[in-house]
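Enquirer: Residue numbers (full-length UniProt numbering), protein chains in the order written: chain E, 1 to 1213; chain L, 1 to 345. We treat Cβ as the ideally placed atom computed from N, Cα and C, and that holds for glycine.
(1) Per DSSP, residue 156(E) is paired with what?
(2) What do you get for residue 40(L), buried or exposed, if any count of 16 or more other CB atoms within 10 angstroms of its CB means buried?
(3) Hey, which unbroken runs of the alpha helix (DSSP H) at 4 residues or more fall wholly within the stretch 552-596 of chain E?
(4) Since residue 1058(E) is in the alpha helix (DSSP H), which residue starts that stretch and which ends it?
(5) Does DSSP classify residue 487(E) as helix, strand or coil?
(6) In the DSSP assignment, find the alpha helix (DSSP H) that holds residue 817(E) and state where it starts and stops.
(7) Going by beta-carbon coordinates alone, are residue 586(E) and residue 560(E) separated by less than 8 Å?
(8) Which stretch, first to last residue, makes up the alpha helix (DSSP H) that contains residue 973(E)?
(9) List the DSSP bridge partners of residue 174(E).
(10) When Cβ atoms are compared, which residues of the stretch 118-130 of chain L fall closer than 8 Å to chain E?
(11) Rounding to the nearest angstrom, what Cα-Cα distance links residue 19(E) and residue 206(E) in this structure?
(12) Answer with yes or no whether the minimum CB distance from residue 334(E) to chain L is below 8 Å.
(13) In this structure, what does DSSP give as the bridge partners for residue 205(E)?
(14) Please state whether DSSP places residue 1014(E) in a helix, a strand or coil.
(15) Could you tell me whether the stretch 1076-1092 of chain E touches the stretch 1143-1154 of chain E, using the rule of 3 or more Cβ pairs below 8 Å?
(16) Consult DSSP for residue 321(L) and reduce its assignment to one of helix, strand or coil.
(17) Between residue 163(E) and residue 237(E), what straight-line distance do the alpha-carbon atoms span, to the nearest angstrom?
(18) Can you confirm whether residue 277(L), when its beta carbon is compared against all beta carbons of chain E, has any partner nearer than 8 Å?
(19) Would you kindly work out how many angstroms separate the C-alpha atoms of residue 131(L) and residue 987(E), rounded to a whole number?
(20) Below 8 Å between beta carbons: does that hold for residue 919(E) and residue 900(E)?
(21) Once DSSP output is grouped into helix, strand and coil, what is the label at residue 481(E)?
(22) Less than 8 Å separating the beta-carbons of residue 723(E) and residue 908(E)?
(23) Quick one: what's residue 404(E) bridged to in DSSP?
(24) I'd like to know whether the C-beta of residue 35(L) is nearer than 8 Å to at least one C-beta of chain E.
(25) Figure out for me which residue from 160(L), 277(L), 321(L), 157(L) has the closest Cα to the Cα of residue 81(L).
(26) What residue from 181(E), 269(E), 719(E) has the CA that sits closest to residue 505(E)'s CA?
(27) Could you pull out every unbroken alpha helix (DSSP H) segment of at least 4 residues lying fully inside the stretch 1144-1188 of chain E, listed in chain order?
(28) Going by alpha carbons, who is nearest to residue 203(E) out of 765(E), 767(E), 558(E), 457(E)?
(29) Could you tell me whether any Cβ in chain E is nearer than 8 Å to the Cβ of residue 138(L)?
(30) With a threshold of 6 Å on Cβ separation, who are the neighbours of residue 490(E) within its own chain once the five nearest residues in sequence on each side are excluded?
(31) For residue 339(L), which residues of its own chain have a beta-carbon under 7 Å away from its beta-carbon, when the five flanking residues on both sides are left out?
(32) Hey, does residue 46(L) have any beta-carbon neighbour from chain E nearer than 8 Å?
(33) Look up residue 66(E) in the DSSP assignment and say whether it is helix, strand or coil.
(34) For residue 1040(E), go through chain L and note every residue whose CB falls closer than 7 Å to its CB, in chain order.
(35) Give the DSSP-derived three-state secondary structure of residue 915(E) in the structure shown.
(36) Could one say the Cβ of residue 302(L) lies closer than 8 Å to chain E's Cβ atoms, at least one of them?
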């Protein structure tokens, strides 16, 4: 065991009154009646060999989350690839290119297909491989397994079988779903952290059955045999039904005895358990959903465009065929020079014209295949991979502490990042670091603690800006802002000056520290306050042997922070025994700390229903005290008349703390006299030992009786440490117009606190709590009643929002998991969604992983908008997979979320950059690139069609076959890739400074049908211009001074030159950001054309079709150069006019910002720049900017009122 | 010691160089990966756009006028003879006329030169409705055979004109088989005008595509005779008619160079042409035209290019004026914040 443990074996269960109360099995409460379908599982404990054969053979503990294995990879991955219609078309084309129908050689058609499919499959394989490695790591984790005769041996997880006895040590994960047999504690309880399952950070207490308690060392398993009959595998995390047959007796098993896979043993030395569910049968794996393959919205829309193009392709192919049939039938017999009456002729046979026509249709479909370019897919793949590289490389998303960069794990969703509408976020580990810091307290009506919370600091900064920019007018109000501002800023100035922080303690106030509290006026109350902190808890101290410092293992991090705070104030909790708590109290007047013993009489523990906990102690003087801490509302209800001295001041402080995003608890006490206590204790004990279902209610009633007439001492404010930059990030995201939902497995109060801390909630926001009242069993149809109730709440709330007149009114809906189960049912979910989207923030608490996924799916499908889910734990996997984009927080423990995610970032705050910068860029890049691609290929592809009508629809192209090959691969691919990879409308700082720009993506301004068809029309125009200008010029006259006329090759080459120039100039116009890379790619492509023609020309005599057409034929002819110029200019003319006109008269935001940058207005007129920056946001009701605005509004109103009342009071006189 | 010192200092210098190079490279890599490379970000401001449009217009219109002028300077004589050269009685059945080899195909025509024509005067034959660009026709050739002759035997591409009487045909394929075979002789008065029929094909074709050692073989020996026959004693590289013919035309109306008259023709000269009307265009109602044309730096008489330039230039000027008008009337100041969406009222 590491570190000296001073803890003896204690019966920890005495600490708990409610949570894991044990009641003796009585007759009414006998074993579960287990039979029928769904309850067929039979487990022979300690006899795993019995489970190696049918019918008891259950699945092994080997888990696999991979999509493929070695054998299935090829067929399955190929199937996936060819599910894309376009790929299927290309496959068909490739197959046909091997036949005589093909107008081209086979290689140009097959090679790109192999490349595209190969690349995608390689990507799939790589992703699956990393999943496999991850699985392998999990499967090879070691666990201590009972071999035989009481000997335990380490075995990998995958070897664990049903019925095995395993021993789990502290901080280890459970390898499978286990039945807890015994633990290092005498009474068989253990603490479990289920963060990976449901995201809850509180430790949960599990306890073994009484009958299995003796099995608490290795040898005792020599002879152990038992049978478990229980339910079949199912995904419900919180239920379990089963019976244990042991020593000829049957005991019921319920969820408190079940340890779930992927949860962790905490604060407990070791436990023994028997394996019930292994591998994919375990609850966590049952909760897992198959990772779906996601496609971005743009790509889906692109598919539609592809269908349109495909229709166009079929259409012009049919026209060609009809033309072909007509000509072949009527004219071809007369064209003696074709010798169509030849016997071998099948393709141009006037006698079998329909047959030939059909063959021609196939040829035409391939010929016009340039409309649907396979290179589009290749280019998009390449571009996205490169974009992903840039995302991975971004130094601003690199976390230096953990050394993790951002990672685009799947690259096909890059552009989706620019279109997100709703973010669904996990709380723990995502927004918060799951660390509590004791920050402030209010004792006896005095507020202590000078350090500002993150939220306050951020708000103060914002306030600074807001007041600065609002400088004109309203000077009267100005003053009050300033004073308000000062009030908050003062506290934030001296941050960082403090010493290196103690974990869990950020309190700063010299009045209380170093024993100075003794000089405070209410030092007796302060003393009591500290005592409550150090005594009222369920934690266990652990002393570090080297430093002698105590650390505490507490059930919840809040409690830990209280103990740390108490220790820092000089009240060091140092020992807990069965019946006493020892605290070392240090006073400045004494050298040595005084060790005091407090006899622990009773402990009334915390439940989410009670929202409070109390201890009853007897101090050294014999005085009996009840110390209580709990939610402020609960405590305030229970104060005695004379205990309310500080209520008003404390309430004010609590509100302040709440506004500052802190988690508050109120502390109170009560003195008891001996007789009173004895009477109560008797009653309590009676309740404790009572039997039956109402035992808990009874206990509660009795406890309630005691926890009355309290005297308020003060309140604590704990900062649930947000991750760095979270409030700012949320603020920016909100300004970018994103909606943020928080889905957490945590308690409602915690969630609300975090809501405040992140400024998702604020004072004055109307909170709509939708909850299900616990219906009694008396009502005939409880479910229906509950549902009706919830429906009514939802309708009422919706009504209320509808009727709200105040434009600034903000609503927040808070709903818990249980209610959500009803609200998510089909008949209600849309009402719920409707309510939720009208609210500024939505917080769902106590939701299971599955529910997270369901909510995500509801938002995604119900609103039709793009959702992003972000989380860090295994419990977020479902939602990460269900959302359009899943983002995993990496760097923390547990990789499941990252493995399931599409992007992983180290900290939540990087989300801002990921979305607002990379998302924005990628969206625009991909959108422009795809539009351009359509344009380019229409421009080129249609010239082929036009030529057909001049060539008897015979399937001949004006271009050399090799031109067709190089057009897409060599001549136009690099510029378009540079557009897709390097284009920036505005640079990254501006993206961040003007979050409103993000809405361009969310509104899909750059890939709407108007734009797509505009580009297509442009392509049509370009093809027309290029083709007809060329043939008119080259038609039949000589084009050179030497009198030569142009042949097909010359015309084709000239046409190609024109098109290359036109499309490259067009892309240059599309871009707004030229580094030398773009210049090289664009103008290099044009140069490559000439180079290619030159080199190809030199191959004359070696290559069949090659001829030095550029050097010999075209270059000396001025016509060639002038036609190139005129066609290019004529082609870009409409687009140029369009963009100039658009910019001149209907400028978009990025146009104006570009101009501001261009005229250096950002430097010359910084004031204006800052003002616009602060205005450049979507109207939002969340985030601290909105909060500050609300505050300012409130102040203004107050001022107005005051002035008004002043007027009033002045006037009558 | 000194030497050592010297050498060490130089090595330091080199090191410095390499360090700075590495720094520069790493700076570049940093800028590159952070997408922060120095970039030029042009903005289409109205002065820019308007002046650009004007400049384009101002450049294009003169070029167009120049082209038009060049095109107008070309003198062209066009004579369609396919119908006229059929004797009057046979005009009802031209096909019979052309197929009957016993009927002499001679035909004479006189022109009066309207304008002075400066040498060289190019002679073209122009065919109409003749689909040299039909796929069946275009593909029916073998470049390898043209270059290597009988040594190359993979001539299946030449089908259906690949083998005759069991022997391969050189040059094979439909294109060669259908070689144009009308001939023209020109007289001024009674003097025959010399027509130079050399150097009408591209040099590269003669050098690289048509073999110098390859002689016609088994050509036009089949039951059906397509077009002209070739002298089996002249290598293909010197059969320039064939070479010109085998550069297939892009469109169904095309001209091909026949030869050059290398003397000036004056206005009012009377030229007579003796032509042999052998080639069958009657079955597909195509026309045959004889063209005499001078050339300019732009080539033949083609107003289209000049007109296109003028049209484009005019539209540029037009658009520029509209833009100017709109800009003056309804200008927005660039980089003005009121145009930002969040400032809209």
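Expert: The answer reads as follows:
(1) The partner list for residue 156(E) (beta bridge, DSSP) reads 142(E).
(2) That one is exposed.
(3) Listed in chain order, the complete alpha helix (DSSP H) runs (minimum 4 residues) inside the stretch 552-596 of chain E are 557-569.
(4) First-last of the alpha helix (DSSP H) with residue 1058(E): 1048-1070.
(5) Its pLDDT being 39, under 50, residue 487(E) is placed unreliably in this model, and the coordinates cannot settle the point.
(6) First-last of the alpha helix (DSSP H) with residue 817(E): 817-823.
(7) No, these two residues do not count as a Cβ contact at 8 Å.
(8) First-last of the alpha helix (DSSP H) with residue 973(E): 973-982.
(9) Residue pairing by DSSP leaves residue 174(E) without any beta bridge partner.
(10) Within the stretch 118-130 of chain L, the qualifying residues are 120, 122, 124, 126, 130.
(11) Reliability fails at residue 19(E), whose pLDDT of 48 lies under 50, so the model's placement of it is uncertain and the value that follows must be treated cautiously. Separation of residue 19(E) and residue 206(E) (C-alpha to C-alpha, rounded to the nearest whole angstrom) is 9 Å.
(12) Interface annotation, residue 334(E): in contact with chain L, CB-CB separation under 8 Å.
(13) In the DSSP output, where bridge partners are listed per residue, residue 205(E) has 191(E).
(14) Looking at residue 1014(E) - three-state DSSP - the assignment turns out to be helix.
(15) The stretch 1076-1092 of chain E makes no contact with the stretch 1143-1154 of chain E, as fewer than three CB pairs between them are under 8 Å.
(16) In this structure, DSSP gives residue 321(L) a helical state, which the three-state scheme calls helix.
(17) The alpha-carbon of residue 163(E) is positioned some 20 Å away from that of residue 237(E).
(18) Chain E contact via Cβ: absent.
(19) Cα to Cα, the separation comes out at about 56 Å.
(20) For the 8 Å CB-CB criterion, residue 919(E) and residue 900(E) do not form a contact.
(21) Below a pLDDT of 50, predicted positions are generally treated as unreliable, and residue 481(E), at 42, falls in that range; no measurement from the model is reported.
(22) It is a contact, given that the beta carbons lie within the stated cut-off.
(23) DSSP lists 399(E) as partners of residue 404(E).
(24) Cβ-Cβ to chain E under 8 Å: yes for residue 35(L).
(25) Each of 160(L), 277(L), 321(L), 157(L) was checked against the Cα of residue 81(L), and the nearest Cα belongs to 277(L).
(26) If we check each option's Cα against that of residue 505(E), 719(E) comes out closest.
(27) Secondary structure within the stretch 1144-1188 of chain E: the alpha helix (DSSP H) runs of 4 or more consecutive residues, fully enclosed, are 1149-1158, 1161-1164, 1166-1175 (chain order).
(28) Comparing C-alpha distances from residue 203(E) to each of 765(E), 767(E), 558(E), 457(E) shows the shortest one belongs to 558(E).
(29) At least one chain E Cβ lies under 8 Å of residue 138(L).
(30) Here residue 490(E) scores only 37 on pLDDT, less than 50, and its place in the model should not be relied on; the value that follows carries that caveat. Non-local beta-carbon contacts of residue 490(E) in its own chain, meaning distances under 6 Å to residues more than five positions away in sequence, are absent.
(31) The residues 332, in chain order, have a CB closer than 7 Å to that of residue 339(L) in the same chain once the five nearest residues on each side in sequence are set aside.
(32) Residue 46(L) counts as touching chain E.
(33) Here DSSP, grouped into helix, strand and coil, assigns residue 66(E) to coil.
(34) Ordered by position in chain L, the residues that pass the 7 Å Cβ test against residue 1040(E) are 299.
(35) In the three-state DSSP reduction, residue 915(E) falls in the helix class (H, G or I).
(36) Yes, contact with chain E.
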